[in-house]
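Remarks on the structure that follows.
Chains as they are written, first to last, in our numbering: chain E, 519 to 773; chain A, 1401 to 1561.
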């Protein structure tokens, strides 16, 4: 993933690419795992007795919302670390921002795949039940979070504002997850994380689902590494503008 | 040292102006969207349906208003009448005859839980929308284990919650 830096001369020590040997290997691993997942989901795993092949959407739908939850929790953890840290490194804020961006993308994918599954299974693309409504609210909240990150201000102001918001927004996740238990919902309850020992999936389906969770988790880490490095470069470019302004004023003062 | 930005024809100033209104617009849209979701949909989302046995009994499940009724499609009750689908919904020992104009979508079948939208009428329940509730159980379709003759019955036992 290369970054265009022609317009700004960032210090020579700064990388011109967000890739490293490690991220390239991680990316290759993600590709292999996603390919295996596709084979598992589309060919090897069986049809459901009732849904038929529609069940295969689950192998993308569940991992995408899993990644979104993980991303938003990471955003909150990094935000809390930034607010509580002594040196308040902006690196925490950049990881938080990158993670939230990926989370929003994956919530959107989850809503899309869930909607397709719903059309075939429920008979409708969308219902305003507890799970879907709370997920839509979660999606909107994090779009707002990303917008707040783009408001004018210094990088420290951005970090402070968005960290506070991230700590509030993450409280929605338990609400979304347990909405199907707390209230009457068209969306079914969890099949795996049931709170008990019962697992409501057949063996091969369960394996495919867990493999999907692992594959999408690797993809998330890969995306996160690249994206937070891009945010670092954006911040560096922005700082360079300020440095140039200070330098220009200094030269004027000398005259 | 004065660092006040100076007026400039620099092209770099253009994207900065764009940046100001875009996040503000997104924040406004998020607030409005969030507000609409909370005020318009959250109340009904929390109590998405009434069970068949709660009609006319539970608050919000009055028989003289539009309701969403949840129950299990009774085995052997589904039939077609003049383009309408007629079936019996049962839950907790109570039943309700439902008439739906057309074919219900989704994986509608006997022994499955559905939510019917509509009103109580003289002859039962007039529904204009059917949503199928899928349980959280996922079971392999295995031709060798469950032959076609008993597959339906097996599915029925699996899907009734």
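Glycine included, every Cβ here is placed at the ideal spot set by N, Cα and C.
Output the distance between the C-alpha atoms of residue 588/E and residue 698/E, rounded to the nearest integer angstrom.
If I take the Cα positions, the gap works out to 19 Å.
Among the residues of its own chain, which have a CB less than 6 Å from the CB of residue 593/E, if the five just before and after it don't count?
614, 617, 618 and 684
From residue 1511/A to residue 642/E, what does the alpha carbon distance come to, in whole angstroms?
20 Å
Could you give the first and the last residue of the continuous alpha helix (DSSP H) run that contains residue 638/E?
608-639
Note down, in chain order, every chain A residue with its Cβ under 9 Å from the Cβ of residue 584/E.
Simply none; closest approach about 16 Å.
On the three-state DSSP scale, how would you describe residue 680/E?
helix
Determine the contact status of residue 1445/A and residue 689/E, defining contact as a CB-CB distance below 9 Å.
Residue 689/E is positioned such that its CB atom lies no closer than 9 Å to that of residue 1445/A.
Around the Cβ of residue 1555/A, are there at least 16 other Cβ atoms within 10 angstroms (buried) or fewer (exposed)?
Because residue 1555/A sits at a pLDDT of 49, beneath the cut-off of 50, its placement in the model cannot be relied upon, and the following sentence gives the value as read from the coordinates. So residue 1555/A ends up on the buried side.
Could you work out which residues of chain A lie near residue 564/E, taking near to mean beta carbons separated by less than 8 Å?
1540, 1541 and 1542
Taking only beta-carbon positions, decide if residue 588/E is within less than 9 Å of chain A.
No Cβ of chain A is located within less than 9 Å of the beta carbon of residue 588/E.
Report all residues from its chain with a CB closer than 7 Å to the CB of residue 524/E; omit the five preceding and five following residues, and keep chain order.
Reliability fails at residue 524/E, whose pLDDT of 46 lies under 50, so the model's placement of it is uncertain and no value is given.
Using DSSP with H/G/I as helix, E/B as strand and the rest coil, what is residue 1498/A?
strand
Out of 578/E, 608/E and 606/E, state which residue places its alpha-carbon closest to the alpha-carbon of residue 625/E.
578/E
Can you tell me which of the three DSSP states residue 566/E falls into?
strand
Inspect the CB distances between the stretch 1512-1523 of chain A and the stretch 1447-1465 of chain A and report whether three or more fall short of 8 Å.
Flag = yes, the stretch 1512-1523 of chain A and the stretch 1447-1465 of chain A touch.
Helix, strand or coil for residue 1479/A per DSSP?
strand
Tell me, please, which residues DSSP counts as bridged to residue 1488/A.
As a beta-bridge residue in DSSP terms, residue 1488/A pairs with 1497/A.
I'd like to know whether the C-beta atoms of residue 1492/A and residue 1453/A end up nearer to each other than 9 Å.
yes
Within 9 Å of any Cβ in chain E, is that where the Cβ of residue 1483/A sits?
no
So the candidates are 1541/A, 1539/A and 1531/A; which of them puts its Cα closest to the Cα of residue 1471/A?
1531/A
Please give the ranges of any alpha helix (DSSP H) in the stretch 1428-1466 of chain A, keeping only runs that are unbroken, at least 4 residues long and fully inside the region.
1442-1446
Note down, in chain order, every chain E residue with its Cβ under 7 Å from the Cβ of residue 1446/A.
648 and 701
Kindly list, in the order they appear in chain A, the residues whose Cβ is closer than 8 Å to that of residue 644/E.
Within 8 Å Cβ-Cβ: nothing; residue 644/E doesn't reach chain A, min ~10 Å.
With a threshold of 7 Å on Cβ separation, who are the neighbours of residue 1508/A within its own chain once the five nearest residues in sequence on each side are excluded?
Excluding residues within five positions, the ones whose Cβ falls inside 7 Å are 1514, 1530 and 1532.
Look up residue 1507/A in the DSSP assignment and say whether it is helix, strand or coil.
coil
Let me confirm a value: residue 607/E is counted as buried when at least 16 other C-beta atoms fall within 10 Å, else exposed. Which label applies?
exposed
Nearest-angstrom Cα distance between residue 553/E and residue 537/E?
22 Å
Less than 9 Å separating the beta-carbons of residue 653/E and residue 583/E?
yes
Flag this pair as yes or no: are the beta carbons of residue 742/E and residue 661/E separated by less than 9 Å?
no
Run the CB neighbour count on residue 1372/A, radius 10 Å, all protein chains shown included, and call it buried at 16 or more, exposed below.
The requested residue 1372/A is not part of the displayed model; chain A covers only 1401 to 1561.
Quick one: what's residue 702/E bridged to in DSSP?
1447/A
In whole angstroms, what is the alpha-carbon distance linking residue 1486/A and residue 1480/A?
Cα-Cα distance, rounded: 6 Å.
Identify the residues that DSSP records as bridge partners of residue 719/E: which are they?
Paired residues: 1538/A.
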